[in-house]
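Numbering (our numbering), first residue to last: 37 to 373. Structure first, then comments.
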Amino acid sequence: MAGERGVFARAPGRVNLIGDHTDYTGGLVLPMAIDFDTAVRGRTIREPVVRLRSKHFDGEAVIRLDEADPSGVDPPWARYVAGVVHELRPADGFEGEITSTVPIGAGLSSSAALQVALTFALGVTDPLAVARLCQRAEFIATGVPCGIMDQLTSTSGIAGYALLIDCHSLDVVPVPMPDDLDVVVVHSGEQRTLADTAYSQRVAECAAAEELIGALRQSSAADLARIDDPVVRARARHVISETLRVRDFAAALTAGDLRTAGELMTASHASLRYDYEVSTPALDALVDRLTAKPGVHGARVTGAGFGGCVVALCERGVLREGRRVRPSGGASVAFDG
Ligand code: GLA
């Protein structure tokens, strides 16, 4: 027993600027951690459970340290807690409270923020190890075979920078965000839970494409002709073209070419809409409305899609809706007592 010391851990949500549905095939993504986060405050206890409350969710999470089936736990939000406990197997019990400013079901990684904050609170803080653990925890809790982008962004965020992440090598390259730029997230009004979407189906479609042409991260548009099924071909076309857009976007941002950066975001949205089919009429209408405004460089759905938020890149102060988000530092933890 490590003694009953107090702990305060926090982990940010993220917005993905470009590179969606590329992480689970080891492609490139370019997210940033944001100034909306989830915090876990608590202390170790002698009982063999992790017990958490939150004013944002009904009920209490009471997870035995030897919980065997996180996906069957109630209330449903407690499955995220159970996933972490299952993967971490903490030696000591823990009791605490969750607070959060990350909107839930908005595509801003509220579940990754919760799981990363909890893992830090339970004493594991290596950014890559925590990201991997929480990726497994999300899968075991929800059955969604997610990539590593959300968790790695939450552990590795740097104030003032977006992160160019190679999801195969897991190299993280900081990309400075220009000061005179606003990143604004606007909610479509459609909330969703990944487990209820076609996310897993998209992962399977990418696997089907890779059976035919090999790793998508190493493929080019010329390889697409070897895929007969038009749906699988379209999914592969999105992944291959999105990886190129991420590379070009990082270069444009670094060069201060915001017009090109914005155009790449809007092209990314079109690809997610037509080739990957993860957009909705509400998201499309929002992107069209925002990109028609003077001073908006580009906009796109962010995260998995099927609802949630649009992210817009724009000149300072031109958008008077949604929430401005700032590139922020990654998860942290402090102990007392
Ligand atoms: C969700 C997943 C991520 C990633 C995005 C889409 O946020 O958790 O791993 O696949 O969707 O880019």
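Note that the Cβ used here is the ideal one computed from N, Cα and C, for glycine as well.
Pick from the options: whose alpha carbon is nearest that of residue i?
i    : options                   : result
T191 : P317, P112, M68 and R325  : M68
V337 : A177, V323 and V180       : V323
A100 : A291, F93, V85 and C170   : For the sequence presented, residue 100 should be read as Arg rather than Ala. The residue with the shortest Cα to Cα distance from R100 is V85.
H122 : D105, E96 and V138        : D105
V221 : L326, S368 and G42        : L326
A149 : D162, I134 and G159       : I134
S224 : A370, R79 and L319        : L319
L365 : D71, V65, R41 and Y60     : Just to set this straight, residue 365 is Gly in the shown sequence, not Leu. Of D71, V65, R41 and Y60, the residue nearest in Cα terms is D71.
A258 : V267, A272 and E247       : A272
F371 : T61, V76, D59 and G55     : V76
E226 : G132, A261, A142 and D94  : A142
G179 : E103, R115, P266 and L206 : R115
A286 : A47, R46, L64 and A165    : L64
A47  : G78, Q151, D102 and F93   : Q151
D94  : G341, P112 and E278       : P112
Y312 : S277, V166 and R359       : S277
G341 : C350, H92, T316 and I176  : T316
R253 : V43, P210, H57 and R228   : H57
A297 : I263, V354 and V332       : V332
E246 : D293, H204 and V268       : V268
R281 : I263, L260 and H305       : H305
L164 : R79, I201, S136 and Y197  : I201
V361 : S368, V369 and C350       : C350
R356 : K329, V369 and G334       : K329
P241 : D264, L169 and T229       : Residue identity differs from the one stated: residue 241 is Glu in this sequence, not Pro. Selected option, being the one with the closest Cα: D264.
R41  : T80, L66 and D59          : T80
Any chance the CB of residue i is under 7 Å from a heavy atom of the ligand MN?
i    : result
D311 : In terms of ligand content, the structure shown lacks the ligand MN and carries the ligand GLA instead.
To which residues does DSSP link residue i through a beta bridge?
i    : result
E133 : R77 and R89
G60  : In the sequence under discussion, the amino acid at residue 60 is Tyr, which differs from the Gly named in the question. DSSP output for Y60 lists no bridge partner at all.
M68  : V51
E83  : Note: E83 sits in no beta bridge, so no partner.
S368 : R46
V346 : V222 and V337
Y197 : I194 and P212
D202 : L64
V332 : C350
A97  : L88
R359 : V221
Query raised in the report: Among all residues, which have a Cβ less than 5 Å from at least one non-hydrogen atom of the ligand GLA, and in what chain order do they fall?
Result: D56, H57, D59, C182, G183, M185, D186, G339 and A340
Query - Ordered list of alpha helix (DSSP H) runs contained in the segment 109-186, each at least 4 residues - result: 114-124, 146-157 and 163-178
Query raised in the report: Would you call the segment 212-219 and the segment 152-163 in contact, with 3 or more CB pairs under 8 Å?
Result: no
Query raised in the report: Are the segment 49-61 and the segment 343-356 touching by the rule of at least three beta carbon pairs closer than 8 Å?
Result: yes
Report task. Could you tell me whether the segment 173-187 touches the segment 125-133, using the rule of 3 or more Cβ pairs below 8 Å? Result -> no
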